[in-house]
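**Student:** Chains as they are written, first to last, in the numbering used here: chain C, 1155 to 1415; chain Y, 11 to 346.
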Amino acid sequence: MSEAALDVHQLCFRRGRHDVLHDVTLSVAAGDFVSIVGPNGVGKTTLLKCLMRILTPSAGRVTVLGKELPAYRQRELARHMSYLPQSDHRVPPFTVYEYVMLGRYPHLSPFSTVSADDEAAVQTVMGRLGVSPWKDRDLHSLSGGERQKVLIAAALAQGAEILLLDEPASFLDPKHQQEIFRTLGQLNADGVTIVMVTHDINSAALHSRSIVALQHGTVEFAGASEAFMQADVLLRVFDIDAKFVDHPQTGRRLLIPEGQV
Amino acid sequence: MKRRRTIRVLLIVGLSVVAIVVAPLIGYRMINPLDVLGGGLTELETQIFWDIRVPRVCLGALAGAGLALSGMVFQAMFRNVLATPYTLGVSSGASLGAALYVVVGLQFSVAGIAGVSLCAFGGAALAVLLVYGITLMRPGFSAASTLLAGVAVSFFFSSLILFAQYLSDFAGTYRIVRWLMGGFDLVGHQSVLSVLPFVVSGIAIVAFLLHELNLLTVGDDIAASRGVDCVKTRRLLFFATSLMVGGIVAVCGPIGFIGMMAPHICRLLIGHDHLRLMPVTLAFGAAFLVLCDGFARAVTGSYAEIPVGVITALLGGPFFLWLLVSDTGGGRLMED
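Printed below as a string of structure tokens:
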């Protein structure tokens, strides 16, 4: 876990006259599980989109697996890195199988039909996420949580070494959340690098090894998740008076929600 | 489900091919297919069949296929159920070109291609370049910018067409209005040859980008993360389909309805996967326009013809509504 999967150097992104990101510098080691946290509107999603080249930074440099981002063709980049955006609430007009198969696009040529490898990859991820029984159902007919699992399955079907996930557990009930994080944990154990944007500090603390916290469009904290779960750090990043409790099984620190009398 | 859809694809494509093959035999004067195969046609029948009906059916099939395909592409590319081949101002540009030809009183042809068609194509090309130029002023060649630029150019050109009509005398106004209805009244082999390269090249480019179209339907963020170069793909599709529509409209006039509704009808019947949808849309669009034209010929006899654009909406509208409410197709629209 020493070689960098992602290197971001002094990245800036400007929208109109507003600097969304400025001088963001961070490194993600290959095989790491990093959570990106921070207050609303701080640029977390923008950062992921810059990494996936959906948005073009106004300055700075990004290196993916040792190669500069502009040197990649988009399809080649997608073979190495996959991205799950936040849901835009527009449901794609496909069946579950068709949608997950779209994840195999980087491996297809223009007129090619589905190969045995593509079929196997899709069946594997559908089985892993438990969406196989819905194979022939329209995405419209699924609940929000079920649909989210299918979207994650499609991102995994790409077979990339780096996964960028924007709020992957949104819409999910606790049981489905557990299943998703278990799957992500297994993928990470298999060597997949995971970068996850989340608002849930406890999920970040429980599941990721490292945390990057953004504040005012720049990196306020970057380090081990244990080092992040400190009262002074959370005060700096979120402006909250944090109280903690240790997780009974893992011993990791968790934030206690503020109670009201 | 997969098997049922495959059967539907084969059925629609098969029936469409049959309809197109049979169409030249039908009209005010019915022609016996055995006479065509056995060389038993009279001189008049030979002229009617080979010089009038075959080119007309070929042009109808090319125009129907091209308009339906470009509707399919625009709806997917802009994720908009209301997108049509004419949304980006191509039709208004072509119509303005034709209107100016009439107003100025030009009379010419080049290599057998009518001057009005050349002016119409010039207008269509101008509209395409204008929309492209305006879209480039904003970063990223986004779907929203292209769509809005197209609508704005379309309205602007429509106003100029009204102004051209205002300036024309009665006969000129009638010619402009008649051209705006679209149709295949004066069709020869040359018309087919004029449209053919636009439709063939448009189909070839779209066929090359079917996986990308599936992903653009889902949205740019997902498409980019799966490896689609959205800007490049959208630009290529924009030019290929716009020029195809420009070529068709220049010769046939702006035939309405088919480009918007044919793709929706096909989606309701066989789903949204463009690898299946494209052949079905092409076949359905081609057969539907040929049948509408045949209907126009058969109903009105040899004296006058209802413009085919009127028939497409009259027949297609109720058929589409029946599919929509009866659940016969079992499929879904883009944003159900």
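Note that beta-carbon positions come from the ideal geometry of N, C-alpha and C, so glycine has one too.
What you are looking at is a predicted structure, and each value in this text was computed from that prediction instead of being measured.
#1: According to DSSP, C:Gln1369 sits in a beta bridge with which residue or residues?
#2: Quick one: is Y:Leu172 buried, meaning 16 or more other Cβ sit within 10 Å of its Cβ, or exposed?
#3: Starting from the beta carbon of C:Ala1232, find every residue of chain Y whose beta carbon is closer than 9 Å, and list them in chain order.
#4: One question on the structure: do C:Ser1139 and C:Gln1312 come within less than 9 Å of each other, judged by their Cβ atoms?
#5: When the Cβ atoms of the region 241-252 of chain Y are set against those of the region 105-115 of chain Y, are three or more pairs found closer than 8 Å?
#6: At 9 Å on the CB atoms, spell out the chain Y contacts of C:His1252, in chain order.
#7: Within the continuous alpha helix (DSSP H) that includes C:Arg1390, where are the two ends?
#8: Buried or exposed for C:Thr1267, please, with buried defined as at least 16 other CB atoms from any protein chain shown within 10 angstroms of its CB.
#9: For a contact defined as C-beta to C-beta under 8 Å, what are the partners of Y:Thr145 on chain C?
#10: Provide the residue span of the beta strand (DSSP E) that contains C:Ala1158, from first to last.
#11: Would you call the CB atoms of C:Val1174 and C:Leu1160 closer than 9 Å?
#12: C:Leu1318 CB to nearest chain Y CB: under 9 Å?
#13: Which chain Y residues sit within Cβ distance under 9 Å of C:Arg1244?
#14: Quick check on DSSP: helix, strand or coil for C:Ser1364?
#15: Cβ closer than 7 Å: which chain C residues qualify as neighbours of Y:His274?
#16: At 9 Å on the CB atoms, spell out the chain C contacts of Y:Phe218, in chain order.
#17: Just tell me which of Y:Leu79, Y:Thr227, Y:Val113 and Y:Ser201 has its CA closest to the CA of Y:Arg185.
#18: How would you list, in chain order, the residues of chain B whose beta-carbon sits under 8 Å from the beta-carbon of C:Ile1208?
#19: Grouping DSSP H, G and I as helix and E and B as strand, with all else coil, what is C:Met1155?
#20: When the cut-off is 9 Å and only beta carbons count, does Y:Arg277 lie next to chain C?
#21: Is any beta-carbon of chain Y found at less than 9 Å from that of C:Ser1324?
#22: For C:Glu1222, name the three-state secondary structure that DSSP assigns.
#23: How many Å lie between C:Val1391 and C:Ile1410 at the Cα?
#24: Taking DSSP as the reference, what is the three-state secondary structure of C:Phe1398?
#25: Using 9 Å as the threshold, is the C-beta distance between C:Ala1309 and C:Gly1257 below it?
#26: Which of the three DSSP states, helix, strand or coil, is assigned to C:Thr1217?
#27: C:Leu1238 and C:Ile1306 - do their beta-carbons sit closer together than 9 Å?
#28: Distance, Cα to Cα, C:Ala1439 vs C:Lys1397?
#29: Taking Cβ to Cβ, would you say Y:Gln200 is nearer than 9 Å to Y:Gly132?
#30: Are C:Asp1400 and C:Glu1412 close, meaning C-beta to C-beta below 9 Å?
#31: Check for me: the beta strand (DSSP E) holding C:Arg1406 runs from which residue to which?
#32: To the nearest angstrom, how far is the alpha carbon of Y:Ser127 from that of C:His1172?
#33: Can you check whether the C-beta of C:Lys1198 is within less than 9 Å of a C-beta belonging to chain Y?
#34: If you drop the 5 nearest sequence neighbours on each side, which residues of the same chain put their C-beta closer than 7 Å to that of Y:Cys302?
#35: Between the region 272-281 of chain Y and the region 71-83 of chain Y, do three or more beta carbon pairs fall short of 8 Å?
**Tutor:** Reading from the atomic positions:
#1: Under the DSSP definition of a beta bridge, C:Gln1369 partners with C:Thr1372.
#2: With fewer than 16 other Cβ atoms within 10 Å, it is exposed.
#3: The contacting residues are Ala234, Ser235, Arg236, Gly237 and Val238.
#4: Nothing in the structure corresponds to residue 1139 of chain C, since chain C is present only between 1155 and 1415.
#5: Contact between the region 241-252 of chain Y and the region 105-115 of chain Y is absent, because fewer than three Cβ pairs lie under 8 Å.
#6: The residue you asked about is not His; residue 1252 of chain C is Glu in the sequence shown. By Cβ distance, chain Y contributes Asn224, Gly281, His282 and Asp283.
#7: Per DSSP, C:Arg1390 is one residue of the alpha helix (DSSP H) stretching across Ala1385 to Phe1392.
#8: Around the CB of C:Thr1267, fewer than 16 other CB atoms lie within 10 Å, so the residue is classed as exposed.
#9: In chain order: nothing, as chain C lies at least about 17 Å away.
#10: C:Ala1158 -> beta strand (DSSP E) spans Ala1158 to Arg1169.
#11: Going by C-beta atoms, C:Val1174 is not nearer than 9 Å to C:Leu1160.
#12: Closer than 9 Å to some Cβ of chain Y, the Cβ of C:Leu1318 qualifies, so yes.
#13: The answer, in chain order, is Arg89, Val228, Gly229 and Glu345.
#14: Here DSSP, grouped into helix, strand and coil, assigns C:Ser1364 to strand.
#15: Going along chain C, no residue has its Cβ under 7 Å from Y:His274, so there is no contact; the nearest lies around 11 Å.
#16: What Y:Phe218 touches in chain C: Pro1264 and Phe1265.
#17: Minimum Cα distance to Y:Arg185 is reached at Y:Val113.
#18: Protein chains in the displayed structure are C and Y, and chain B is not among them.
#19: In this prediction, C:Met1155 has a pLDDT of 49, which is less than 50 and means its spatial position is unreliable; nothing more can be read from the coordinates.
#20: Proximity of Y:Arg277 to chain C, defined by a Cβ-Cβ separation below 9 Å, is satisfied.
#21: No, C:Ser1324 lies away from the interface with chain Y (no Cβ there is under 9 Å from its Cβ).
#22: Strand.
#23: Cα to Cα, C:Val1391 sits roughly 16 Å from C:Ile1410.
#24: DSSP, read as helix, strand or coil, puts C:Phe1398 in strand.
#25: Yes, Cβ-Cβ distance for C:Ala1309 and C:Gly1257 is below 9 Å.
#26: Three-state DSSP puts C:Thr1217 in a strand.
#27: In this structure, C:Leu1238 lies closer than 9 Å to C:Ile1306 by Cβ.
#28: Limits of chain C in this structure are 1155 at one end and 1415 at the other, which puts residue 1439 of chain C out of reach.
#29: Against a cut-off of 9 Å, the Cβ pair of Y:Gly132 and Y:Gln200 comes out as no contact.
#30: The answer is no: Cβ separation not under 9 Å.
#31: Per DSSP, C:Arg1406 belongs to no beta strand (DSSP E) and is neither H nor E.
#32: For Y:Ser127 and C:His1172, the gap between their C-alpha atoms comes out near 49 Å.
#33: No, because no Cβ of chain Y sits closer than 9 Å to the Cβ of C:Lys1198.
#34: Excluding residues within five positions, the ones whose Cβ falls inside 7 Å are Val318, Ile321, Thr322 and Leu325.
#35: Between the region 272-281 of chain Y and the region 71-83 of chain Y there are three or more C-beta pairs closer than 8 Å, enough to call the two in contact.
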